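Colleague: Its first residue numbered 1, the sequence shown is counted upward by one per residue in UniProt numbering. Built from N, CA and C at the ideal position, the CB exists for glycine as well. Computed from a predicted structure; not experimentally measured. Before I ask anything, here is the structure I am working with.
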Amino acid sequence: MPNRVSSTQSPPSGVLPALGWQGCQMVMVRALSALRMVVCELDDPEHARRQDAGLLPTADALLLHCRAHVDPSFLKRPSPIRIRGAVAARASWQSARANLAEFSAFGARVAVLPARIAHRDGVRAEAIYHGFGLVTAEQPHEVVQPPDIHVDAGRTWVHRLVEEIVYDAVLSQQSDHRWDLGSQAFMKAGDSQVM
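Take a look at the structure:
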């Protein structure tokens, strides 16, 4: 099963600025066992180095092990992507919590919920206990509870695998965007020649 999916779903407008995550992008990826909206930013120097060397993302566990075996320094190099966290926009707290639960070792976890749910005492208490952020789905997006941004896990090869999966999705999203712009320009050029 592929790790990435088409990112046709637009992120909730205003959620990233409300969290202070300006300059980041969101990509939908299958990270671990579920589809997640991951918030990230490119590490420009490492991304440029990878591009110059022609190194594609290694978004498969077996390929990552093979690459690490051939080049052990690969896992020690900086990642070309910095993951800020994952965002789940859902109608219920249980659904958001289930989507974000496995992501605790990789970054902040933020549930975007209807205000009436995000403000419930029980939801807020559980979010605080587990380190989840809560943001209201309605405009203007209110941060009810900021996410715990401290990632408490030691780094393993799985961290690098998730970073590579997200990196692959970011590059694919950029490529899709460039293709869309190119096809729009082509269609405009075709229209101007028909007249």
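Write down every uninterrupted run of the beta strand (DSSP E) in the region 90 to 150 whose length is 3 residues or greater and which is fully enclosed by it, in chain order.
Modeller: Those beta strand (DSSP E) runs which fall completely within the region 90 to 150 and span 3+ residues are 108 to 113, 132 to 136, 143 to 145.
Colleague: Can you find the residues in the same chain that come closer than 7 Å, C-beta to C-beta, to TRP21, ignoring five residues on each side of it along the sequence?
Modeller: Along the sequence shown, one-based indexing puts residue 21 at 21. VAL39, ARG84, listed in sequence order.
Colleague: Would you be able to state if there are at least three C-beta pairs under 8 Å between the region 23 to 42 and the region 94 to 109?
Modeller: Touching, per the Cβ criterion.
Colleague: Evaluate SER7 with the Cβ neighbour count: other Cβ atoms within 10 Å of its Cβ, from every protein chain shown; 16 or more gives buried, anything less gives exposed.
Modeller: Against the sequence shown, residue 7 aligns to sequence position 7. For SER7, the predicted structure reports a pLDDT of 33, less than 50, and the residue's modelled location is therefore unreliable. The matter cannot be settled from this model.
Colleague: Within a Cβ cutoff of 7 Å, which residues of the same chain sit near ALA59, ignoring the five residues on either side of it in sequence?
Modeller: For the purposes of this step, residue 59 is identified with residue 59 of the sequence shown, where counting begins at 1. Only ASN3, GLU164, ILE165, ASP168 meet the Cβ criterion.
Colleague: Would you mind listing the alpha helix (DSSP H) stretches within the region 47 to 90 that are 4+ residues and don't spill past its ends, in chain order?
Modeller: List check, alpha helix (DSSP H) in window: 61 to 70.
Colleague: Cα-Cα, which of ASP44, LEU35, ASP52 is closest to GLU102?
Modeller: Residue mapping note: residue 102 aligns to position 102 of the sequence shown, counting from 1. Selected option, being the one with the closest Cα: LEU35.
Colleague: What residues in its chain sit with their C-beta under 6 Å from that of ALA86, if we drop five residues either side in the sequence?
Modeller: Within the sequence shown, residue 86 is the residue found at index 86, counting from 1. For ALA86, where only same-chain residues beyond five positions count, the Cβ hits under 6 Å are ARG36, VAL38, LEU100, PHE103, ARG109.
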